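J.: Dropping the structure in here first, questions after.
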């Protein structure tokens with residue numbers, strides 16, 4: 004199959020080109036108009052597929068449910084917003100729930116299916132700080148130990164690739180070092196960590212931060228905390244929820260100004276309520292969640308934000324048009340940066356020969372016209 008557009012994102016710029024797609028890969032890139040094409044997208048933009056490394060669910064499904072059929076349905080439908088790769092994300096719960104959840108994700112990841120590819124599991128908790136637990140159920144928060152984690156990784160058959168933990172509760176940073184040595188990305192979040200504790204986390208292997216600004220000590224000039232660390236240490240990745248509500252658009256701009264083009268990662272942190280009718284009530288980690296008019300999820304009856312219903316294509320639009328983040332920086336945040344963070348940037352995150360044919364076709368209004376998941380048109 005050969006597709007073409009006058010605007011394909013190649014090497015950090017839009018150029019007219021053709022893409023030859025075979026066997027799930029981009030086999031070759033040709034000059035625009037060189038060969039007969041099966042699909043001509045005219046002036047619409049072709050960019051790499053979006054990679055969401057922090058998403059709990061959508062379409063009424065949550066990763067913790069452990070329902071393989073519904074998880075598979077999620078993977079088949081989420082390309083409607085341009086997502087081609089994903090880390091289904093757990094939320095803190097009792098061990099039997101988490102063991103079933105990670106085992107189910109591992110099973111589905113082995114299926115032959117058409118849809119967003121499961122790159123691994125994001126294990127958010129249960130090794131978190133009680134003060135900044137957010138919507139995580141306090142009764143299930145646990146002490147960080149290697150032996151405890153091994154049980155979950157065994158059930159996941161090695162699919163836990165990314166974990167959120169509070170570094171100040173990892174005694175001697177033993178778990179952080181173990182995870183790093185075994186190929187798991189350690190992300191600091193839901194944490195009261197001081198600036199100094201965060202630096203020690205980095206020194207022991209942490210390479211990311213979870214939804215910067217949210218679930219951590221607010222920035223203070225005498226106690227910079229995780230936020231100050233994210234700003235000061237440029238070469239550590241930082242997730243950020245780009246709905247303009249979790250963080251003000253000016254704060255989004257400040258974050259990406261600090262992180263540059265290579266280390267900011269847009270995430271949805273979406274709940275099961277995404278792509279569901281507004282105004283409903285849902286569950287997260289055993290808590291009642293309500294979706295309000297602003298599209299945010301709150302713990303019922305409180306002002307505690309519990310997650311979002313953000314579509315990734317709209318997050319990109321908000322970054323560029325409202326937060327005034329340069330387009331290349333914004334696009335990197337949902338393509339090559341998460342790929343690099345997960346160490347899959349040799350096959351994901353770029354439009355280039357040899358890479359997976361994960362592609363999104365966008366209008367100038369950021370509407371998704373078509374999404375290709377490993378070469379398969381999903382819309």
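In the numbering used here, the protein residues as written are 4 to 382.
Ideal Cβ positions, reconstructed from N, Cα and C, are used throughout, including at glycine.
None of the values given here were measured: they were computed from a predicted structure.
With the cut-off set at 8 Å, would you say residue 364 and residue 33 are in Cβ contact?
T.: No, the Cβ-Cβ distance between residue 364 and residue 33 is not below 8 Å.
J.: Residues in its own chain within less than 6 Å of residue 249 by CB, not counting five upstream and five downstream?
T.: Contacts found: 217.
J.: Output yes or no for whether 8 Å exceeds the beta carbon distance between residue 258 and residue 247.
T.: No, these two residues do not count as a Cβ contact at 8 Å.
J.: By the DSSP assignment, the alpha helix (DSSP H) with residue 198 in it spans what residues?
T.: That run of the alpha helix (DSSP H) goes 198-206.
J.: Do you know whose CA, among 297, 348, 376, lies nearest residue 308's CA?
T.: Residue 308 has its Cα closest to that of 297, out of 297, 348, 376.
J.: Going by DSSP, what residue range makes up the beta strand (DSSP E) through residue 243?
T.: 240-244 is the span of the beta strand (DSSP E), which, as asked, contains residue 243.
J.: Would you kindly check if the distance between the Cβ of residue 210 and the Cβ of residue 239 is under 8 Å?
T.: Cβ atoms of residue 239 and residue 210: closer than 8 Å.
J.: What residue range is occupied by the uninterrupted alpha helix (DSSP H) comprising residue 151?
T.: 149-158 is the span of the alpha helix (DSSP H), which, as asked, contains residue 151.
J.: Just how far apart, CA to CA, sit residue 395 and residue 198?
T.: Past the edges of the chain, shown from 4 to 382, lies residue 395, and the structure says nothing about it.
J.: How many angstroms separate the CA atom of residue 131 from the CA atom of residue 219?
T.: Each residue's alpha carbon lies about 11 Å from the other.
J.: Whole alpha helix (DSSP H) runs in the region 225-271 with 4 or more residues, listed along the chain?
T.: Qualifying alpha helix (DSSP H) stretches, in chain order: 228-235, 252-262.
J.: Which residue comes first and which comes last in the beta strand (DSSP E) that contains residue 17?
T.: It spans 16-25 - the beta strand (DSSP E) in which residue 17 sits, taken as one unbroken run.
J.: Starting from residue 55 and walking both ways along the beta strand (DSSP E), at which residues does that stretch end?
T.: That run of the beta strand (DSSP E) goes 53-58.
J.: Taking just the CA atoms, how far does residue 362 sit from residue 380?
T.: Roughly 9 Å separates the two Cα atoms.
J.: Which residue spans inside the region 278-353 form an unbroken alpha helix (DSSP H) run of at least 4?
T.: Segments of the alpha helix (DSSP H) lying fully in the region 278-353: 315-320, 330-335, 339-344.
J.: Hey, could you find the ends of the alpha helix (DSSP H) residue 106 is sitting in?
T.: That run of the alpha helix (DSSP H) goes 98-112.
J.: Roughly how many angstroms separate the alpha carbons of residue 403 and residue 338, rounded to a whole number?
T.: With the chain covering 4 to 382 only, the question about residue 403 has no answer from this structure.
J.: Please name the residue or residues paired with residue 50 in a DSSP beta bridge.
T.: Residue 50 is bridged to 363.
J.: In angstroms with no decimal places, state the Cα-to-Cα distance between residue 231 and residue 20.
T.: Going by the C-alpha atoms only, they are around 42 Å apart.
J.: Please classify residue 318: is it buried, with 16 or more other beta-carbons within 10 angstroms of its beta-carbon, or exposed?
T.: Answer is buried; the Cβ neighbour count reaches 16.
J.: DSSP has residue 373 in a bridge; who is on the other side?
T.: BP columns for residue 373 point to 364.
J.: Which of the three DSSP states, helix, strand or coil, is assigned to residue 81?
T.: Helix at residue 81.
J.: With a CB to CB cut of under 7 Å and the five nearest residues on each side skipped, what residues in its chain are close to residue 110?
T.: For residue 110, where only same-chain residues beyond five positions count, the Cβ hits under 7 Å are 71.
J.: Determine the DSSP secondary structure at residue 174, reduced to helix, strand or coil.
T.: Helix at residue 174.
J.: Return the bridge partner residues of residue 189 from the DSSP annotation.
T.: Bridge partners of residue 189: 166.
J.: If you draw a straight line from the C-alpha of residue 234 to the C-alpha of residue 261, how long is it?
T.: Cα to Cα, residue 234 sits roughly 5 Å from residue 261.
J.: What is the C-beta distance between residue 201 and residue 172, in whole angstroms, given that I count them as a contact (C-beta under 8 Å)?
T.: The pair is not a contact, with the Cβ atoms about 13 Å apart (cut-off 8 Å).
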